[in-house]
Structure formats: C-alpha cells, structure tokens
Amino acid sequence: DAGITQSPRHKVTETGTPVTLRCHQTENHRYMYWYRQDPGHGLRLIHYSYGVKDTDKGEVSDGYSVSRSKTEDFLLTLESATSSQTSVYFCAISELGGATRTGELFFGEGSRLTVL
Amino acid sequence: AQKITQTQPGMFVQEKEAVTLDCTYDTSDPSYGLFWYKQPSSGEMIFLIYQGSYDQQNATEGRYSLNFQKARKSANLVISASQLGDSAMYFCAMRVPNQGGKLIFGQGTELSVKP
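For the record, the sequence lines run as chains A and B. So the first sequence is numbered by this note's numbering: it starts at 1 and just counts up by one. So the second sequence is numbered by this note's numbering: it starts at 1001 and just counts up by one.
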C-alpha cells in the first residue's frame, strides 16, 4: 500500500474557524491532490500540486488554499470554515510515467470534517 | 469540458451473477485514461482497473473487465461471479493529458450483492 497519511482523521469545528488538513506521503511521488467527497457528487478536485511550491486549482477551490513546502507534505487550509465545507476530504498521490504504467491515484484514508 | 457520467445511483445483483456498471465520458482529447475505483463501506478508495484510449483490447483484472466502446464513449465495468464483498460504491474516472494527472470522477454507483 502507498504510504499516505492524513491528519486529523476526524474533526469537528465551528463556522468561521480556520482548519488545516495535512497529507503526508512516504512514496516521493511528484503529484499530490486534495479531493472532497459529498453524496451525489462523487469526488471533486479542490487543488493539486505538481511539485514543491507548484500548485493549481481544481473545480471546487473557492474557500480553500494549499501549500507544499516539501515533497512529502501537502496542506489544505480552510481560512474560515463554513457549513458547506462539511465533507470527507481525501488526499491522493500519483507518479505519472513512473513504475506503474497507468499512473493511477493512490488515496489516503480520508478526513471527515464537520463544520457546525 | 471533460465529464464522466454514471447514471445508476444504485444496483442490486444476486451473488455469483455478473453485473455491469455503466460509465460514459466526454472529452475532445484523443489521449485519455479511464479508471474504476471501489469504495467499500470502510471508506478507502481501491483502484480496480485501467483502460488507455489507445489500448486495442479491453482491460481485464481478475473478475473485473472493462467494456470499452470508444465510439460510444462508454467504459462500463463488468464484475463476473459477484461476491458479497463486492458490495460497495464504484466510481468511474477519467484522466486527460497535460492536467497534472488529475482524475475527474463520476457520481458513483452503489452496488449491493444479495446472498
């Protein structure tokens, strides 16, 4: 299994508070992603990174920021959490052109965030 | 714009029977990849099978096969000899080139296997 750790795994917070989710990988993969999963929507991409300090927006990036200061860590920050950001957040990694021909994404276990 | 559509929110299948989960996609890129993932009730995302747009043969992985019909832009997952452990949410996804390897996911199909 790919070495991906998300923290925290569960968090309950109040509207308006900042929240940071951490994704840590031990695979040295170049690409890292943050998705959110909501019923009826599948997984939607928030932000992704294609290298240290190189990030780009996904389809649902409003209200979120990311940072990647090291290859192994990708942080997702909600500057001021809202109830609409209650969701399950997944981190994923991939290595296009690497050992796997397919370049599939390997996912972390998910972080369940509840904003009251 | 690229899009993945799964039109079956939920499906039931009898144990030991085969089942097909539908997936259609839309892209104007000639080069793309199609993926299926399984998400059991425990929540983890498990990669099942991959099909490249230039692959001549349909992909197979054990009991999973991908029925790839390029002209119809469909990539249906076929599970043969269903088992109780196949009960899960299944997601179809697509990757297009030059977009950081990201995957676009469908809404998912929840499969329930009956004993």
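Even for Gly, the Cβ is constructed at its ideal location relative to N, Cα and C. Keep in mind the model is a prediction, meaning the values are calculated, not measured.
Proximity below 8 Å, CB of residue i to CB of residue j
i                 : j                 : result
Gly58 (chain A)   : Tyr50 (chain A)   : no
Thr1020 (chain B) : Val1078 (chain B) : yes
Ser1129 (chain B) : Val1113 (chain B) : Because residue 1129 (chain B) is not part of the residues shown, which for chain B are 1001 to 1115, the question remains open.
Tyr33 (chain A)   : Leu21 (chain A)   : no
Ile1046 (chain B) : Tyr1064 (chain B) : no
Tyr31 (chain A)   : Ser94 (chain A)   : yes
Thr15 (chain A)   : Thr102 (chain A)  : no
Asp1029 (chain B) : Pro1097 (chain B) : yes
Glu104 (chain A)  : Phe1035 (chain B) : yes
Supposed close pair residue i, residue j - CB separation, criterion 8 Å
i                 : j                 : result
Gly1033 (chain B) : Met1094 (chain B) : 7 Å
Gly1043 (chain B) : Gly110 (chain A)  : 5 Å
Leu78 (chain A)   : Val66 (chain A)   : The Cβ separation is near 11 Å, so there is no contact.
Gln1006 (chain B) : Asp1022 (chain B) : 6 Å
Ser1053 (chain B) : Ser1082 (chain B) : Contact doesn't hold; Cβ gap of about 28 Å is too wide.
Any C-beta of chain A under 8 Å from that of residue i
i                 : result
Gly1085 (chain B) : no
Glu1061 (chain B) : no
Gln1056 (chain B) : no
Leu1066 (chain B) : no
Gly1108 (chain B) : yes
Gly1010 (chain B) : no
Lys1114 (chain B) : no
Leu1021 (chain B) : no
DSSP three-state assignment for residue i, whether helix, strand or coil
i                 : result
Gln1107 (chain B) : coil
Gly1085 (chain B) : helix
Gln1008 (chain B) : coil
Ser83 (chain A)   : helix
Leu96 (chain A)   : coil
Ala1018 (chain B) : coil
Lys1070 (chain B) : coil
Gly40 (chain A)   : coil
Ser1065 (chain B) : strand
Lys53 (chain A)   : coil
Ser1041 (chain B) : coil
Tyr1054 (chain B) : coil
Contact with chain B by residue i, beta-carbon distance below 8 Å
i                : result
Ser94 (chain A)  : yes
Tyr48 (chain A)  : yes
His10 (chain A)  : no
Gly3 (chain A)   : no
Asp62 (chain A)  : no
Leu78 (chain A)  : no
Phe107 (chain A) : yes
Thr71 (chain A)  : no
Phe74 (chain A)  : no
His41 (chain A)  : yes
Tyr31 (chain A)  : yes
Glu27 (chain A)  : no
Leu116 (chain A) : no
Length of the line joining the Cα atoms of residue i and residue j
i                 : j                 : result
Pro39 (chain A)   : Phe90 (chain A)   : 14 Å
Ser1074 (chain B) : Gly1108 (chain B) : 15 Å
Arg112 (chain A)  : Thr86 (chain A)   : 8 Å
Ala1018 (chain B) : Leu1111 (chain B) : 12 Å
Ser80 (chain A)   : Ala1071 (chain B) : 46 Å
Phe1012 (chain B) : Lys70 (chain A)   : 45 Å
Gly1106 (chain B) : Gln6 (chain A)    : 23 Å
Pro1040 (chain B) : Gln37 (chain A)   : 14 Å
Ile1004 (chain B) : Leu96 (chain A)   : 21 Å
Asn1058 (chain B) : Gly108 (chain A)  : 29 Å
Gln1069 (chain B) : Glu1061 (chain B) : 18 Å
Neighbour flag for residue i against chain C, beta carbons, 8 Å
i                 : result
Tyr1050 (chain B) : Absence of chain C from the displayed structure is noted, the protein chains being A and B.
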